[in-house]
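Under the working numbering, think of the first position of the sequence shown as 288, with each following residue one higher. Presented below is the structure to which this report refers.
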Amino acid sequence: MQDPKKVRHTASQTWQLFRDVGLKAIPIIQLRESLLKDSKLTLNYLVLIVSSCLIASFGLLLNSAAVIIGAMIIAPLMMPLRGFSFATLEGDLKLLWRSSISIFSGTMMGIACSWIVGTIISIPDFKEQVLSRTQPNLIDLLIALVAGGVSGYAKIRPEIGDAVPGTAIAVALMPPLCVVGLTLSQAEWGYTQGAFLLYITNLIGINLACLLVYVFSGYARSNEVTRTLSWGVSMGLIGLLALPLGFSFVELIQQAQANDSIRNILVENSQFSRSDIELIRSDIDWNYHPPSITVVVRSVEPITPQDVTVLEDLIKTKIGRTFKVVFDVTASTKVESQTESQKSNN
């Protein structure tokens, strides 16, 4: 049996070697000074927050991905967030306070600006770019982890520059923050909760990823109590978020399966045998038990209750879950040009 003291001594030597080598990171004092500067609440930071929020809000209302990307490039939220991660790791109260104030101020200002935009423009019918950020799932958490890792790595390797993490973090933070304000302005509480959950998910995921980068870069102290606390808090929050995000991810998969099944049944299944139906889209409302699928179609002939029952049975057989199907039908009429005989008769 190995001597516990020898094992601990070997582990301590390994950790010290790892800290010395790191990822060829910049000195810890230089990193701290840089993070202190980035985390300071300045006029430039506030101007960039307002500008990126306004651009993102307009892009969301226009349903324009290109405009939203423009807002992502200038969003500064990643700067104090990296400082917050380092502060929790090292127990640096000054950096922790400064970065927390900047993150909180940026969050509140972003929500306020987008709320004002939503109130003035007042568009109640939100489109894809908004709705896609109201249903977070585990994939969004993975995106936040990757974005946070890129941001932290670029900070300790200055030659990479800040453009890469700036874009990556903005993708994860600014658009859902603007969705919170826009949906609040229209009293869409369900959408607001979903968008805020996405924002918090990305905030925590980015923080955890930056912590990992700082540890692998050799900045962590093996005997630092605050490091243990920061890991415990981060992992606990990730665990809490995993439940609603996991349910949303399962629903996303089931919705994709249901949509694919409906399309295949309407087009290919001989039991349904309705070649006159053209599928436009299908939407699932999970608030009902069983969930309700609204199938938007164009049809030449009327759709009967028997057709709906057949479709429900086929979906249940294919997916293994019961859905309530509701058809939203637009009448369709086929019109052809006249033949020569028809023209002569006229």
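Glycine included, each C-beta is placed from N, C-alpha and C at the ideal position. Here the structure is a predicted model, which means the values were calculated and not measured.
#### Entry: Given Thr-479 as reference, the closest of Ala-431, Ile-398 and Asn-424 once Cα atoms are compared
Sequence index remark: in the sequence shown, residue 479 carries index 192 (1-based). For Thr-479, the nearest C-alpha among the options comes from Ile-398.
### Ser-472 beta carbon near the ligand COA (any heavy atom closer than 8 Å)
Absence of the ligand COA from the depicted structure is noted, as is the absence of any ligand whatsoever, leaving it without description.
### Segments of 4+ residues assigned as alpha helix (DSSP H) that fall wholly inside the stretch 356-441
The stretch 356-441 contains, as complete alpha helix (DSSP H) runs of 4+ residues, the segments 365-377, 380-408 and 415-418 (chain order).
### Task
Enumerate in chain order the residues of its own chain whose CB-to-CB distance from Met-366 is below 6 Å, with the five nearest sequence positions on each side excluded.
Here the question's residue 366 lines up with position 79 in the sequence shown. Cβ neighbours of Met-366 within its own chain (closer than 6 Å, five residues either side excluded): Asp-325.
### Local conformation of Leu-328 per DSSP, three classes
Numbered from its first residue, the sequence shown carries residue 328 at position 41. In this structure, Leu-328 counts as coil in the three-state DSSP scheme.
### Message
Which residue marks the beginning of the beta strand (DSSP E) containing Val-616, and which one marks its end?
### Response
Here residue 616 is taken as the residue at index 329 of the sequence shown, counted from 1. Start and end: 611-618.
### Query
Can you name the start and end residues of the alpha helix (DSSP H) that Glu-599 belongs to?
As a position in the sequence shown, residue 599 is number 312, starting the count at 1. Segment 592-606, the alpha helix (DSSP H) holding Glu-599.
### Task
Report the partner residues of Thr-581 according to the DSSP bridge assignment.
Walking along the sequence shown from the start, residue 581 turns up at place 294. DSSP lists Asp-570 and Val-613 as partners of Thr-581.
### Query
Can you tell me whether Ser-409 is buried or exposed, with buried defined as 16 or more other CB within 10 angstroms of its CB?
Translated into the one-based positions of the sequence shown, residue 409 becomes position 122. Exposed, by the Cβ-count rule.
### Query
DSSP three-state call for Ile-564: helix, strand or coil?
Here residue 564 corresponds to residue number 277 of the sequence shown, with the count starting at 1. Strand, per DSSP.
### Task
Identify whether Ser-548 lies in helix, strand or coil by the three-state DSSP scheme.
One-based indexing of the sequence shown puts residue 548 at position 261. Under the three-state reduction of DSSP output, Ser-548 falls in the helix class.
### Query
Does the beta carbon of Cys-340 sit closer than 9 Å to a beta carbon anywhere in chain B?
Protein chains in the displayed structure number just one, and chain B is not present.
#### Entry: Start-to-end residues for the alpha helix (DSSP H) that takes in Val-502
As a first step, residue 502 is located in the sequence shown; it is residue number 215 there, counting from the start. Residues 476-503.
### Task
With a cut-off of 8 Å on the beta carbons, I'd call Glu-588 and Asp-563 a contact; round off their distance for me.
One-based indexing of the sequence shown puts residue 588 at position 301. One-based indexing of the sequence shown puts residue 563 at position 276. Confirmed, Cβ separation roughly 5 Å.
### Query
Which value, in whole angstroms, describes the spacing of the CA atoms of Phe-610 and Phe-413?
Along the sequence shown, read from residue 1 onward, the residue named residue 610 stands at position 323. Along the sequence shown, read from residue 1 onward, the residue named residue 413 stands at position 126. Approximately 26 Å, taken between the alpha carbons.
### Query
If you drop the 5 nearest sequence neighbours on each side, which residues of the same chain put their C-beta closer than 8 Å to that of Ser-548?
Here residue 548 is taken as the residue at index 261 of the sequence shown, counted from 1. Taken in chain order, the residues that qualify are Leu-601, Ile-602, Lys-605 and Ile-606.
### Query
Smallest Cα separation from Ser-443: which of Leu-464, Ile-590, Pro-578 and Arg-319?
Counted from its first residue, the sequence shown places residue 443 at position 156. What sits at residue 443 in the sequence shown is Ile, not Ser. Looking at the Cα atoms, Arg-319 is the closest of the given residues.
### Message
Pull the bridge partners of Ser-586 from the DSSP assignment, please.
### Response
Mapped onto the sequence shown, residue 586 falls at position 299. Per DSSP, Ile-564 and Ala-618.
### Message
Please classify Ser-509 as buried or exposed, where buried requires at least 16 neighbouring CB atoms within 10 angstroms.
### Response
As a working note, residue 509 is residue 222 in the sequence shown. Model confidence at Ser-509 stands at a pLDDT of 49, short of 50, so the residue's coordinates are unreliable and nothing is read from them.
### Message
Leu-364 and Phe-373 - do their beta-carbons sit closer together than 9 Å?
### Response
Residue numbering aside, residue 373 sits at position 86 when the sequence shown is read from its first letter. Residue numbering aside, residue 364 sits at position 77 when the sequence shown is read from its first letter. No.
### Query
Once you ignore the five residues that flank Ala-459 on each side, which residues in its own chain have a CB closer than 7 Å to its CB?
Translated into the one-based positions of the sequence shown, residue 459 becomes position 172. So the list reads Ile-430, Ala-431, Ala-434, Asn-489 and Ile-493, once near-sequence residues are dropped.
### Message
Can you tell me whether Thr-415 is buried or exposed? The criterion is at least 16 other CB atoms within 10 Å of its CB, across all chains shown.
### Response
Mapped onto the sequence shown, residue 415 falls at position 128. Note that residue 415 is Glu in the sequence shown, not Thr. Around the beta-carbon of Glu-415, fewer than 16 other beta-carbon atoms lie within 10 Å, marking it exposed.
### Message
Using the three-state DSSP reduction, which class does Gln-317 fall into: helix, strand or coil?
### Response
Here residue 317 is taken as the residue at index 30 of the sequence shown, counted from 1. Of the three classes helix, strand and coil, the one that applies to Gln-317 here is helix, per DSSP.
### For Gln-473, three-class secondary structure by DSSP
Taking the first residue of the sequence shown as position 1, residue 473 is located at position 186. It is coil, neither helix nor strand.
### Message
Just to confirm, is the Cβ distance from Leu-333 to Met-395 under 9 Å?
### Response
In the sequence shown, residue 333 corresponds to position 46, counting from 1. In the sequence shown, residue 395 corresponds to position 108, counting from 1. No.
### Query
Can you round the beta-carbon distance between Val-404 and Ser-344 to whole angstroms, since I take them to be within the 8 Å contact cut?
As a working note, residue 404 is residue 117 in the sequence shown. As a working note, residue 344 is residue 57 in the sequence shown. Going by Cβ atoms, the distance from Val-404 to Ser-344 rounds to 4 Å, so yes, they are a contact pair.
### Query
Is Val-417 near Asn-350, with beta carbons less than 9 Å apart?
Taking the first residue of the sequence shown as 1, we reach residue 417 at position 130. Taking the first residue of the sequence shown as 1, we reach residue 350 at position 63. Closer than 9 Å, so yes.
### Task
Measure the CB-CB distance between Pro-462 and Ala-358 and report whether it falls below 9 Å.
Translated into the one-based positions of the sequence shown, residue 462 becomes position 175. Translated into the one-based positions of the sequence shown, residue 358 becomes position 71. Between Pro-462 and Ala-358, the C-beta gap is smaller than 9 Å, which places the two residues in contact.
#### Entry: Option nearest Ile-552 by Cα separation, candidates Leu-323, Leu-566, Gln-542 and Gln-541
Within the sequence shown, numbered from 1, the residue matching residue 552 stands at position 265. The shortest Cα separation from Ile-552 among Leu-323, Leu-566, Gln-542 and Gln-541 belongs to Leu-566.
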